[in-house]
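Heads up, the thing below is written out as structure tokens.
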Amino acid sequence: MNDIIKKIEQEQMKAEAPEFRVGDTVRVYNKIKEGTRERTQVFEGIVLKKQGGSNRATFTVRKISNGVGVEKTWPIHSPNVEKVEIIRQGKARRAKLNYLRDRVGKAAKVKAVVK
């Protein structure tokens with residue numbers, strides 16, 4: 093039974109999953125279906141967390157829109173996520189950046205990685 097589940101999960105995974113880390117500022121291109129039409133909506137923000145494994149892995153992105161914090165969670169291997177574009181890499185020393193929810197303005201930023 094376990095082998096059957098693993099085989100089904102392997103078929104649902106994307107060939108090339110996006111490579112990004114917690115703390116990165118990313119732009120997520122999401123496919124949205126409205127009736128018969130299909131369009132792409134862009135969501136740009138900081139990656140708060142990545143969790144799960146195999147085809148069940150998800151990531152959460154947070155942005156501030158009109159002074160209100162908005163978070164969205166997507167499965168990494170979802171067919172609705174066209175691509176994830178890294179805008180800037182952030183330096184995070186922990187796996188989940190939940191403390192950013194309490195911060196406002198410049199305090200809600202993550203330091204950029206200097207290469």
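Quick note on my numbering: the sequence shown kicks off at 93 and runs consecutively. Just so it is clear, CB atoms sit at the ideal spot from N, CA and C, and this is done for glycine as well.
According to DSSP, is ARG148 helix, strand or coil?
helix
Sequence-distant residues of the same chain with beta carbon closer than 7 angstroms to VAL196, five excluded per side
none
Ordered along the chain, which non-local residues of its own chain (more than five positions away) have a Cβ less than 8 angstroms from that of VAL134?
ARG119, VAL120, TYR121 and ASN122
ARG180 - DSSP class collapsed to helix/strand/coil:
strand
Can you list, in chain order, the residues of its chain with a C-beta nearer than 6 angstroms to that of ILE124? Leave out the 5 residues immediately preceding and following it.
ARG131 and GLN133
Using DSSP with H/G/I as helix, E/B as strand and the rest coil, what is ARG193?
helix
Per the contact definition of three or more C-beta pairs closer than 8 angstroms, is the region 93-105 in contact with the region 172-184?
no
Assigned exposure category for ALA165 - 16 Cβ within 10 Å defines buried:
Per the sequence presented here, residue 165 reads as Thr, with Ala not at that position. With fewer than 16 Cβ atoms within 10 Å of its Cβ, THR165 is classed as exposed.
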